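2 protein chains.
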Amino acid sequence: MGGDFGPRSIVQACVASLSATPSLHLTLVGQPSLLEELIASHPAVDRARLSIVPASETITMDEKPAAALRGKPDSSMRVALELLRDGKVQACVSAGNTGALMALSRHVLKTLPGIDRPAMVAAIPTQTGYCQLLDLGANVDCSAEHLFQFAVMGSVAAQALGVARPRVALLNIGTEDIKGNQQVKLAATLLQGARGLNYIGFVEGDGLYRGEADVVVCDGFVGNILLKSSEGLATMIATRIESLFRQSLVSRLVGALALPLMRRLQADLAPARHNGASFLGLQGIVVKSHGSAGVEGFQSAIARAVIELQENLPQRLHGRLEDLLP
Amino acid sequence: MGGDFGPRSIVQACVASLSATPSLHLTLVGQPSLLEELIASHPAVDRARLSIVPASETITMDEKPAAALRGKPDSSMRVALELLRDGKVQACVSAGNTGALMALSRHVLKTLPGIDRPAMVAAIPTQTGYCQLLDLGANVDCSAEHLFQFAVMGSVAAQALGVARPRVALLNIGTEDIKGNQQVKLAATLLQGARGLNYIGFVEGDGLYRGEADVVVCDGFVGNILLKSSEGLATMIATRIESLFRQSLVSRLVGALALPLMRRLQADLAPARHNGASFLGLQGIVVKSHGSAGVEGFQSAIARAVIELQENLPQRLHGRLEDLLP
Numbered sequence: 153m154g155g156d157f158g159p160r161s162i163v164q165a166c167v168a169s170l171s172a173t174p175s176l177h178l179t180l181v182g183q184p185s186l187l188e189e190l191i192a193s194h195p196a197v198d199r200a201r202l203s204i205v206p207a208s209e210t211i212t213m214d215e216k217p218a219a220a221l222r223g224k225p226d227s228s229m230r231v232a233l234e235l236l237r238d239g240k241v242q243a244c245v246s247a248g249n250t251g252a253l254m255a256l257s258r259h260v261l262k263t264l265p266g267i268d269r270p271a272m273v274a275a276i277p278t279q280t281g282y283c284q285l286l287d288l289g290a291n292v293d294c295s296a297e298h299l300f301q302f303a304v305m306g307s308v309a310a311q312a313l314g315v316a317r318p319r320v321a322l323l324n325i326g327t328e329d330i331k332g333n334q335q336v337k338l339a340a341t342l343l344q345g346a347r348g349l350n351y352i353g354f355v356e357g358d359g360l361y362r363g364e365a366d367v368v369v370c371d372g373f374v375g376n377i378l379l380k381s382s383e384g385l386a387t388m389i390a391t392r393i394e395s396l397f398r399q400s401l402v403s404r405l406v407g408a409l410a411l412p413l414m415r416r417l418q419a420d421l422a423p424a425r426h427n428g429a430s431f432l433g434l435q436g437i438v439v440k441s442h443g444s445a446g447v448e449g450f451q452s453a454i455a456r457a458v459i460e461l462q463e464n465l466p467q468r469l470h471g472r473l474e475d476l477l478p
Numbered sequence: 153m154g155g156d157f158g159p160r161s162i163v164q165a166c167v168a169s170l171s172a173t174p175s176l177h178l179t180l181v182g183q184p185s186l187l188e189e190l191i192a193s194h195p196a197v198d199r200a201r202l203s204i205v206p207a208s209e210t211i212t213m214d215e216k217p218a219a220a221l222r223g224k225p226d227s228s229m230r231v232a233l234e235l236l237r238d239g240k241v242q243a244c245v246s247a248g249n250t251g252a253l254m255a256l257s258r259h260v261l262k263t264l265p266g267i268d269r270p271a272m273v274a275a276i277p278t279q280t281g282y283c284q285l286l287d288l289g290a291n292v293d294c295s296a297e298h299l300f301q302f303a304v305m306g307s308v309a310a311q312a313l314g315v316a317r318p319r320v321a322l323l324n325i326g327t328e329d330i331k332g333n334q335q336v337k338l339a340a341t342l343l344q345g346a347r348g349l350n351y352i353g354f355v356e357g358d359g360l361y362r363g364e365a366d367v368v369v370c371d372g373f374v375g376n377i378l379l380k381s382s383e384g385l386a387t388m389i390a391t392r393i394e395s396l397f398r399q400s401l402v403s404r405l406v407g408a409l410a411l412p413l414m415r416r417l418q419a420d421l422a423p424a425r426h427n428g429a430s431f432l433g434l435q436g437i438v439v440k441s442h443g444s445a446g447v448e449g450f451q452s453a454i455a456r457a458v459i460e461l462q463e464n465l466p467q468r469l470h471g472r473l474e475d476l477l478p
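Here the protein sequences come in this chain order: A and B. Whatever position you read off the first sequence (first residue = 1), add 152 for our numbering. Whatever position you read off the second sequence (first residue = 1), add 152 for our numbering.
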């Protein structure tokens, strides 16, 4: 029921995902009459693979996490997470209120042993491929121990996604040992002593985009600002390119020719493509789609959930955490 | 004597600035024999407006601020700041070690009354113009009071740069009141109560680039990460555009036609153009040029110092601070 565009675009994304992935089954959780109405506009959908579980309440985008936790026992978000906890579904995807989703996930699913707080991670495009950036906003204030746990989780997630020996770095405002705040410096000391982790040291904001690391760790305040400012800058550059191509007859001609190239670039950088952000460290797979992502974004969030399921990410995390955590 | 490229590119930038600004006088501080040698390769320069003051020591780029403060009484950086304090020059520009420059500036020049810590500010290009972003890395951990002081200083600086009623915002991970860490929430309360300040609330990373505010306030850790990651992303996008234009014969042709447009865009976004970052809150004008900025960057840092001098920025700050600070 969540997201800035509401359930309409979510239903549309579900229909597209079902036809793209024949083995996929989806359960929609929310107001049955509304959902049935939205599904009705897609008569070709395979209803054998698309079911509805009713939930009478909805958590709004600006609701406080604590209120969502206590006040709404039959919210669509909570019911979906309870289905996951009870083994009725194998992953949960939401475009709703991030803080509420995190609070409910921790409460309903619990964290893996050794993990204090789940983290939000997403793949960010770099000069050489992708890096997994975490935390993206679930944890505003983080201790060195939290950053250490994020590094361990990010490393395991990157491995599950195909990186053999992920280079793990801490995001900092310099690469020298003396730089940064207390939490970052202390986390560096913890990571230097961790067996079996390919910790490469500090990386700066520009180093992240140069592809210096496969996993970049920071607190949720910094990660969220980095992600959103990057989205804003990419949009600004795209807008400026378009306006450059509109300035004269010659530039309009060039623009018309360059348009397919620019579209390819934008698709490559589009946050919606990469915005299936996972919650790592829970006893279950939870993927958060950007609230304003629309159909394509929610579809890629479902795709990320499918990959994590195929790779047994929570089980792999659980196994590796026991070796890596002190 | 500082910067990643050393005094050679600084001397070059000084020569260019002198010919661009006929009323400008520059004093180079450092090793006289080396500086004379570098000046000698510019025989056309007006030596009546370019003097040298000797300093026997140099602060290295990785030197700890405390060591720079205590250990090197005759460093080029310290001598330059002492010239400023003693009224022999009217502004100081450096491409050296940021932490050392900040520590020495505070020690030699002192802060303005009511200011605990100076902040680093620079103009960031947005969809609608520029925003003054501060702090950019001088203050890693900031209290709500520090953020409040930054907001006041940023507002006054934006006014001096020509914005009649600067919209001042706090950088946060959401625009709702409940979002963010304690410092940001408390700073919001302080700013809401400030007379004569056009505080507009929270802005997110993407809102900054949409041009939602003229002054955006954050701690130095966040600001530095935002600035450097933006530089890294802009470089990555430029690289990708170039490689797109190299993929086929048609795209090469389009690329050749689009090249002048792309160059204009890059010049517009280039961090070197906007990298004259000022230290606000000191009893004197200090501008920090990016260490890796090269000639153009150092020249724009000198240009920013000239503007601040013409606008009497420290004096204006001093006058306004008394009204605005609680």
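Where is the CB? At the ideal position from N, CA and C, for every residue including glycine. As the structure is a computational prediction, the values presented were derived from the model and not from experiment.
- Bounds of the beta strand (DSSP E) holding Gln284/A are 282 to 286.
- Two segments are said to touch when three or more pairs of C-beta atoms, one from each, lie closer than 8 Å; by this definition the region 299 to 318 of chain A touches the region 332 to 342 of chain A.
- Across the set Leu256/A, Asn350/A, Ala457/A, the C-alpha of Asn350/A shows the shortest separation from the C-alpha of Gly306/A.
- Linking Ala453/A to Gly372/B through their CA atoms gives a straight-line distance of about 33 Å.
- Against Thr391/B, the close residues of chain A are Gln279, in the order they occur along the chain (beta-carbon pairs closer than 9 Å).
- DSSP places Leu178/B in the strand class (E or B) of the three-state scheme.
- Around Tyr361/A, the beta-carbon contacts reaching into chain B at under 8 Å are Ser381, Gly384, Leu385, Thr387, Met388.
- A buried status is given to Ala309/B, since no fewer than 16 other beta-carbon atoms sit within 10 Å of its beta-carbon.
- Below the 8 Å Cβ cutoff, chain B contributes Ile325, Gly332, Asn333 as neighbours of Val292/A, in chain order.
- As the crow flies, the alpha-carbon of Ser382/A is around 7 Å from that of Gly357/B.
- Contact of Lys216/A with chain B by beta-carbon distance below 7 Å involves Ile330.
- If you check the CB distance, Val163/A and Leu190/A come in under 7 Å.
- Residue environment analysis places Arg415/B among the exposed positions, since fewer than 16 neighbouring C-beta atoms fall within 10 angstroms of its C-beta.
- The continuous stretches of alpha helix (DSSP H) do not include Ile276/B, which lies in the beta strand (DSSP E) extending over residues 271 to 277.
- A contact between stretches requires three or more CB pairs, one per stretch, nearer than 8 Å, and the region 227 to 234 of chain A meets this requirement with the region 250 to 259 of chain A.
- DSSP places Leu264/A in no alpha helix (DSSP H); its state is neither H nor E.
- Listed along chain A, no residue sits closer than 8 Å to Phe354/B by beta-carbon distance, the nearest being about 11 Å off.
- In the three-state reduction of the DSSP assignment, Val315/A falls in the coil class, being assigned neither a helical nor a strand state.
- Think of a sphere of 8 Å around the beta carbon of Val374/A: the chain B residues whose beta carbon falls inside it are Phe373, Val374, Ile377, in chain order.
- Distance check between His470/B and each of Phe450/B, Leu432/B, Val447/B places Leu432/B closest, using alpha-carbon atoms only.
- Proximity of the region 264 to 271 of chain A to the region 191 to 202 of chain A falls short of the contact definition, fewer than three beta-carbon pairs being nearer than 8 Å.
- With respect to chain B, the C-beta atom of Val368/A has no partner C-beta closer than 7 Å.
- It is roughly 42 Å from the alpha-carbon of Lys262/B to the alpha-carbon of Thr278/A.
- For Leu409/A, the nearest CB of chain B lies under 7 Å from its own CB, placing it at the interface with that chain.
- Taking C-beta atoms under 8 Å as the contact rule, Ala243/A and Glu394/A fail to qualify, at a distance of about 38 Å.
- Within the region 360 to 425 of chain B, the complete alpha helix (DSSP H) runs of at least 4 residues fall at 372 to 396, 401 to 421.
- Every unbroken stretch of the beta strand (DSSP E) spanning 3 or more residues and falling wholly within the region 177 to 242 of chain B is given here in chain order: 178 to 182, 202 to 206.
- According to DSSP, Ser246/A shares a beta bridge with Lys440/A.
- The beta carbon of Val406/A sits closer than 7 Å to some beta carbon of chain B.
- Under DSSP, Leu322/A forms a beta bridge with Phe354/A, Val369/A.
- Contact of Gly357/A with chain B is assigned, a C-beta pair being separated by under 7 Å.
- When CB distances to chain A are screened at a threshold of 8 Å, not a single residue of the region 447 to 463 of chain B falls below it.
- For Ser430/A, the enclosing beta strand (DSSP E) starts and ends at 429 to 432.
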